[in-house]
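Everything below concerns the one structure shown next.
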Amino acid sequence: MASGSGTHILALPFPLQGHINPMLQLCKTLITKGIRVTLVTTVFISSSLQIQASTTSNLINIETIPDAATTTSEGDVYQVFINNFKETITQGLPRLIEKHKQSSYPAKAIVYDSVLPWTLDIAHQLGLKGAVLFTQPCTVCSIFYHMKQGTLKIPNEDEGSDIMLPAMPPLKLKDLPSLIYDIGAYTALFNLLIDQFSTYRDADWRLFNTFDKLEDEILKWITSEGPILTIGPTIPPLHTDDIEYGLSLFKPDAEAYLKWLETKENGSVVYVSFGSLVTPGEKQMEEIARGLVESNCFFLWVVRASEESKLPPDFVLEKGLIVNWCSQLQVLAHPAVGCFVTHCGWNSTLEALSFGVPMVAMAQWTDQTTTAKLIADVWQIGVRTKADENDFVTREEIAGSVREIMQEERGNEIRRNASKWKQLAKEAVSEGGSSHKNITEFVIQLSGS
Ligand code: UDP
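See below:
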């Protein structure tokens, strides 16, 4: 029911696919409740956005901010990207807000990505309220919160000892987000994640893309630091009858892969994807390729165009199909798919969980290492591949993990757990469920603010 009665809000996602998707889905859900949404991005980012024909996303007004003339090229590639985006938005957003103030539907609030915490000051200075959206698991956000507060003590290279944090299972060093135990060249990303909490307490709403039963203990703990609203999982078909997010930075392949899936028996195909950012090395790509062949299962593997040259030159696709980008929601919803070899990106994880697809958790970096721990040990909806000290996973390990899910008794247990979590995810976003109630409450508060 439309209860938002035309209240206008702005939405500012961080311009990476894994951040755009949950923001977009939140916008679409708000639109179905009568909220008017303007999605804000930069001219540069909008030039690579593929807009899919999708009923609700067509209702989102997209406004672009001209890129700042004073760009910087100092620091690593992430630092440059982050700095230039911030510069453009801090220059252009106030103008955009002022322009909207003159219109017949001035914006009342802005929903912004948690990695853009400085947005809140701009909003408040111009009389708008601010809702911060966290797009990583609450467990991961809480670990970064502890880092910021100085309450996380990192054990010295000793992976044997447990790290105990409130409302979390005991964690080993490599269960922490990788940027904490191995910052490498990613200082800019580490700072981005720590800074999420710089304006946390001042935000008017704190939204998390998770649901109450999924992370119950840690959600209760973080609520003690200030009220939050869980709104996930923000998977399109769970919220609307739409099957796409609607905006993509990647062009999907022609849909021949869906026809290929049609020719396969239920539960017989392994879907493999490492999301939009991960770049496994050439040797690791070879192990994945050989491991998939060794598993002797059919597989559909997303290898982004930029990664294709890493495939072994003699790789023969007898039982497999490679695409550069697909509609992951359609693939995960397909009955032929029996298992998902994933890098454990939070969206991919929530999508697999919501469609009841068991996972082989092959985390690469950032929040993925912690999510892999949750998948394997807490929710028990997948197996986690074992890596050597250089985080390298062998073909035998990959093939063995796939077979464990596809052919062995453990797979049946994991499938039972996956069905349970699928049901709980659906309940959370259905009428009366925790996320549904929270979104309804958010709309009421937005409209009354
Ligand atoms: N995705 C997709 N097609 C693909 C691969 C990924 O649509 O071929 C989507 C996927 O459904 C998910 C997002 O891209 O919503 C990736 O986000 P995630 O958090 O899983 O990983 P990231 O890319 O941020 O590492």
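Mapping the sequence shown onto the numbering used here, position 186 (from 1) lands on 649, and the numbers just tick up by one. By construction, the Cβ of each residue, glycine as well, lies at the ideal position given by its N, Cα and C atoms.
Confirm the yes/no value for this check: CB of residue i, any heavy atom of ligand 2, distance under 8 Å.
i	result
Val741	This structure simply doesn't include ligand 2; it includes ligand 1 instead.
Grouping DSSP H, G and I as helix and E and B as strand, with all else coil, what is residue i?
i	result
Met748	helix
Glu526	strand
Asp576	strand
Ala570	coil
Ser912	coil
Met464	Unreliable placement is indicated for Met464, whose pLDDT of 48 sits below 50; no coordinate value is reported for it.
Gly801	strand
Ile472	strand
Ile785	strand
Leu502	strand
Arg669	strand
Ile698	coil
Between the alpha carbons of residue i and residue j, how many angstroms are there, rounded?
i	j	result
Val427	Gln513	In the structure as shown, the chain begins at 464 and stops at 912. Residue 427 is therefore absent and cannot be evaluated.
Leu583	Ala768	37 Å
Ala594	Glu904	13 Å
Trp668	Tyr708	23 Å
Glu770	Ser736	12 Å
Thr492	Asp705	11 Å
Ala532	Ile545	15 Å
Phe761	Gly481	27 Å
Ile877	Ser731	16 Å
Ala474	Trp809	20 Å
Pro776	Cys604	41 Å
Thr832	Asp638	6 Å
Asn547	Phe477	12 Å
Gly911	Ser893	24 Å
Gly895	Cys490	20 Å
Glu757	Thr857	11 Å
Leu682	His702	22 Å
Asn853	Ile643	16 Å
Trp684	Thr598	18 Å
Ser864	Lys549	42 Å
Met869	Asn759	10 Å
Ala570	His587	12 Å
Return the residue from the list the options that minimises the CA-CA distance to residue i.
i	options	result
Ile751	Leu780, Asn729, Lys727, Glu725	Leu780
Pro629	Lys635, Thr614, Gly689, Ser641	Thr614
Met631	Ile643, His609, Asn619, Lys564	His609
Asp851	Ile868, Glu867, Thr833, Gln827	Gln827
Asn875	Ser811, Phe855, Gln843	Gln843
Leu724	Tyr649, Cys601, Asp638, Gly783	Gly783
Leu677	Ile494, Ile838, Ser811	Ile838
Ile691	Asn672, Pro699, Pro476	Asn672
Arg803	Thr832, Asp840, Leu763	Note on identity: in this sequence residue 803 is Phe, with Arg being the wrong assignment. It is Leu763.
Gln659	Ser811, Ile643, Phe607	Phe607
Ordered along the chain, which non-local residues of its own chain (more than five positions away) have a Cβ less than 6 Å from that of residue i?
i	result
Val541	For the record, residue 541 in the displayed sequence is Tyr; it is not Val. Same-chain partners within the cutoff: Ala651, Leu652.
Glu745	Lys773
Leu556	Ile585
Asn880	Gln843, Ile844
Pro743	none
Tell me which residues share the same chain as residue i and place their Cβ nearer than 7 Å to its Cβ, disregarding the 5 neighbours each side in the sequence.
i	result
Asp716	Val786, Asn787, Trp788, Cys789
Glu526	Thr501, Val503, Leu559
Phe818	Leu795, Ala796, Lys885
Tyr568	Gly469, His471, Arg499
Ala835	Cys807, Ala824, Ala826, Arg847
Phe778	Ala752
Pro460	In the structure as shown, the chain starts at 464 and stops at 912, and residue 460 therefore has no counterpart that could be examined.
Thr602	Met631, Glu678, Ile681, Thr833, Leu837
Enumerate in chain order the residues of its own chain whose CB-to-CB distance from residue i is below 8 Å, with the five nearest sequence positions on each side excluded.
i	result
Ala666	Leu583, Gly593, Ala594, Val595
Ser511	Leu712
Glu561	Leu589
Ser882	Gly819
Quick check: residue i and residue j, are their CB atoms within less than 9 Å of each other?
i	j	result
Met822	Ala815	yes
Ser509	Gly695	no
Ala891	Thr686	no
Val578	Leu655	yes
Ile585	Thr553	yes
Val920	Val800	Not covered by the structure: residue 920. The range shown for the chain is 464 to 912.
Asp830	Pro640	yes
Gln488	Thr697	yes
Gly754	Glu867	no
Pro529	Val543	no
Asp539	Tyr649	yes
Leu522	Ile483	no
Gln793	Leu721	yes
Gly647	Tyr663	no
Val766	Met748	yes
Ile657	Lys727	no
Ser739	Leu479	yes
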